[in-house]
Structure formats: structure tokens, C-alpha cells
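The structure appears below as C-alpha cells.
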Amino acid sequence: MKSWLRKILPRLPVVKELQRIAATLESTRAVMTNKFLEDHLKGPRYADRRKLNHFEHQVFSQNGEDGIIAEIFRRIGIKDRFFVEFGVGNGLENGTAFLLTQNWRGAWIEGDSKSVMEIQSHFRRPLQTGQLKLLNSFITAENIANLFQQLKVPTDFDLLSLDIDRNTYHAWKALSQYRPRVVAVEYNSSFPPDVNWICEYDAARLWNNSMQFGASLKAYEQLAASLGYVLVGCDLAGVNAFFIRNTERLDLFAEPFTAENHYEPPRYWAGRREGHERCFDDRTG
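Position one of the sequence shown corresponds to residue 1031 (the working numbering), numbered consecutively onward.
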């Protein structure tokens, strides 16, 4: 009976009409979102063309990370084309999948076994060739350095991307012996830019979908400074912050390198997923 319903329901006129209305509403939302962001970037806050928001673009990333990361490396240059990302989901909506199409290599760490199985399907070729290494492990501040050792991550490499929700701040702090040139991290934009707030560490707890996760942008700015990094931008959705080593060409980025200058409020509604369904390689699956 359930199988029959699944076949017949999409053919009903009322269902078809509801689907048409839903598609129209989504198209309208996308147009209005794009118009808002385009107009927003014309404001005085973004007059400095070194602001990374002007370069946001989405290929696989959830927001504009793909474009921002590309622009950062256009300015400072690429060295080893090696990345590490943890908290990658199924791989089709993260900040480093796009880099695999540009001859980068790297490592992913993901704690959810279902997501790992999807990665093994979607990214079969780079996994087989060794371009991509994958580790299924729950991440804590206590084990992250050991996981890096298992993956043979070099001390000095191009890009580190972190997103494990609740304990992200503590995981980055635990990696002080590693020196990626660029770090992308999800910050908690619920807190204003002048507030130093850090979620209490608990290795056994996961994010409960509340505002109790990660840390404020000011907290990340200060942690970054203690590790030798500066804040150079955030995406317009108010999700990701970007840092570079303080030994790079800082004059190429918008000063001052503070939360007050680069903070973006939570605009989660501005997340855009336009174009065709994401697929890394149609020969896998």
C-alpha cells in the first residue's frame, strides 16, 4: 500500500500544484537573497576591495567559502596543496571538496559512520588513488593530535578547516604544534563581536542544535593571536571565519584584523544552494 501511494501521489494534480508553488517560492527566495547580498556589498563597510566578501562563491561549500579560500591563496600563493578538514559530513557540502578538483590532496576526519559510507561512495576515485585520506573517528581535544599523526599530516601545510560544532574551539587549541598557513573555522555569530565567549568543553557531548557551540569571533581572534594567526574575514552568512599566519602578506588583507572589523551576524537564511545537485564524480555512487 505504501509503495502504491508513493507512486500515485506525485501524479495527483493537487500535489503537482503544491510542488510548482514550492519551486516558485524557492526561486523567489533565491532571487531576493542574491539581491540583498549584492546591495549589502555596496555599503561603506565593504568599500575596501580587500574585503574577502567580494569574492564569495559556492561550488561545494555550504556558503561562500569556496570563493574566499580561492581568493586567499590567490593573494598569498599556494605551496603544498595539502588540506585537512574535520567535520566534513558526506563530503558534498564542505570547504575542501572543490580543492580536490584542482589537484589538491588532503585528509578528512568524520565521526558519523553513515556520512563516511557516503564519502566512500561519492569520492571513490580520490580515495583509491590516495589523493584523499579518510578517517572515521569521533574528535576530541585529547585525540585530535593523535589522529593527525595517524594520517601523517605534515606540521606545515596550506589549509586547515574545522567544524565539529560544540568543541571546535578546543580542537583548534589542541593543535598548537601544527602550522597550517590558512585556517577556516565555524564561529558562533550569536554573540556580538566584542564578546569573548567559549562553549564549555565536554568531550562526550555533541551539539544539541542550540546556540551552545564553538566560540564567539572575539574568542577565536584571541586564540588565533596566541597561535600566531590573524583574522582576515568572515562569510556574509555569519558562519565561517578565516585566519592566516601572521608571517604572510598581511598588507593584502583588510585591516584591522579584529572581530569588530570582520564580524558578520547570523544570516543563515542567506545560505544558497543553487544550480544542479552536487556530484563529485558521476562514475561513482
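Ideal Cβ positions, reconstructed from N, Cα and C, are used throughout, including at glycine.
The alpha helix (DSSP H) enclosing residue i, as first and last residue numbers
{"i": "Trp1202", "result": "Thr1198 to Lys1203"}
{"i": "Ser1300", "result": "Inspection of the sequence shows that residue 1300 is occupied by Ala rather than by Ser. Where Ala1300 is concerned, there is no enclosing alpha helix (DSSP H), given that its DSSP letter is neither H nor E."}
{"i": "Asn1291", "result": "Ala1289 to His1292"}
{"i": "Ser1151", "result": "Ser1143 to His1152"}
Reduced DSSP category for residue i - H, G, I as helix; E, B as strand; rest coil
{"i": "Ile1098", "result": "helix"}
{"i": "Ala1127", "result": "helix"}
{"i": "Leu1122", "result": "coil"}
{"i": "Arg1279", "result": "coil"}
{"i": "Phe1178", "result": "helix"}
{"i": "Leu1082", "result": "helix"}
{"i": "Phe1318", "result": "The question about residue 1318 has no answer here: the residues shown for the chain are numbered 1031 through 1315."}
{"i": "Asn1064", "result": "helix"}
{"i": "Leu1162", "result": "strand"}
{"i": "Leu1266", "result": "coil"}
{"i": "Phe1272", "result": "strand"}
{"i": "Leu1157", "result": "helix"}
{"i": "Val1260", "result": "strand"}
{"i": "Gly1244", "result": "coil"}
{"i": "Ile1108", "result": "coil"}
{"i": "Ile1169", "result": "coil"}
{"i": "Lys1046", "result": "helix"}
Range of the contiguous beta strand (DSSP E) that encloses residue i
{"i": "Glu1140", "result": "Arg1135 to Glu1140"}
{"i": "Ala1249", "result": "Not the beta strand (DSSP E): Ala1249 falls in the alpha helix (DSSP H), residues Leu1247 to Leu1257."}
{"i": "Leu1189", "result": "Leu1189 to Leu1192"}
{"i": "Val1212", "result": "Val1212 to Glu1216"}
Counted within 10 angstroms of its Cβ, other Cβ atoms place residue i as buried (16 or more) or exposed
{"i": "Thr1198", "result": "buried"}
{"i": "Ala1137", "result": "buried"}
{"i": "Arg1196", "result": "buried"}
{"i": "Arg1279", "result": "exposed"}
{"i": "Thr1170", "result": "buried"}
{"i": "Ser1219", "result": "buried"}
{"i": "Arg1211", "result": "buried"}
{"i": "Asp1265", "result": "buried"}
{"i": "Lys1065", "result": "exposed"}
{"i": "Ile1051", "result": "exposed"}
{"i": "Ser1091", "result": "buried"}
{"i": "Gly1258", "result": "exposed"}
{"i": "Lys1109", "result": "exposed"}
{"i": "Cys1309", "result": "exposed"}
{"i": "Glu1095", "result": "buried"}
{"i": "Ser1240", "result": "exposed"}
Length of the line joining the Cα atoms of residue i and residue j
{"i": "Tyr1231", "j": "Pro1043", "result": "52 Å"}
{"i": "Met1031", "j": "Asp1311", "result": "Only weak support is given to the placement of Met1031: the predicted model assigns it a pLDDT of 48, under 50, and the question is left unresolved by the model."}
{"i": "Ser1256", "j": "Ser1246", "result": "16 Å"}
{"i": "Gly1315", "j": "Phe1283", "result": "Unreliable positioning characterises Gly1315 in this predicted model, as indicated by a pLDDT of 48, which lies under 50. A coordinate reading is not provided."}
{"i": "Pro1374", "j": "Ser1151", "result": "In the structure displayed, the chain extends from 1031 to 1315; residue 1374 sits before or after that span and is not available."}
{"i": "Glu1294", "j": "Asp1193", "result": "18 Å"}
{"i": "Phe1113", "j": "Lys1046", "result": "44 Å"}
{"i": "Arg1209", "j": "Thr1185", "result": "6 Å"}
{"i": "Arg1105", "j": "Leu1071", "result": "21 Å"}
{"i": "Tyr1298", "j": "Val1269", "result": "8 Å"}
{"i": "Arg1155", "j": "Gly1244", "result": "33 Å"}
{"i": "Glu1251", "j": "Thr1159", "result": "37 Å"}
{"i": "Thr1063", "j": "Gln1088", "result": "14 Å"}
{"i": "Leu1177", "j": "Gly1073", "result": "44 Å"}
{"i": "Asp1188", "j": "Asp1069", "result": "33 Å"}
{"i": "Arg1080", "j": "Ala1127", "result": "25 Å"}
{"i": "Gln1180", "j": "Leu1122", "result": "24 Å"}
{"i": "Ser1319", "j": "Gly1119", "result": "A question about residue 1319 goes unanswered here, because the residues of the chain that appear run from 1031 up to 1315."}
{"i": "Glu1140", "j": "Ala1300", "result": "26 Å"}
{"i": "Leu1164", "j": "His1292", "result": "33 Å"}
{"i": "Trp1134", "j": "Leu1205", "result": "22 Å"}
{"i": "Gln1207", "j": "Ile1274", "result": "16 Å"}
{"i": "Met1147", "j": "Glu1285", "result": "43 Å"}
Any non-hydrogen atom of the ligand NAP closer than 7 Å to residue i Cβ
{"i": "Gly1125", "result": "Absence of the ligand NAP is noted for the structure shown, with no ligands found whatsoever."}
Cβ of residue i within 8 Å of any chain C Cβ
{"i": "Phe1310", "result": "No chain C appears in this structure, which consists of one protein chain only."}
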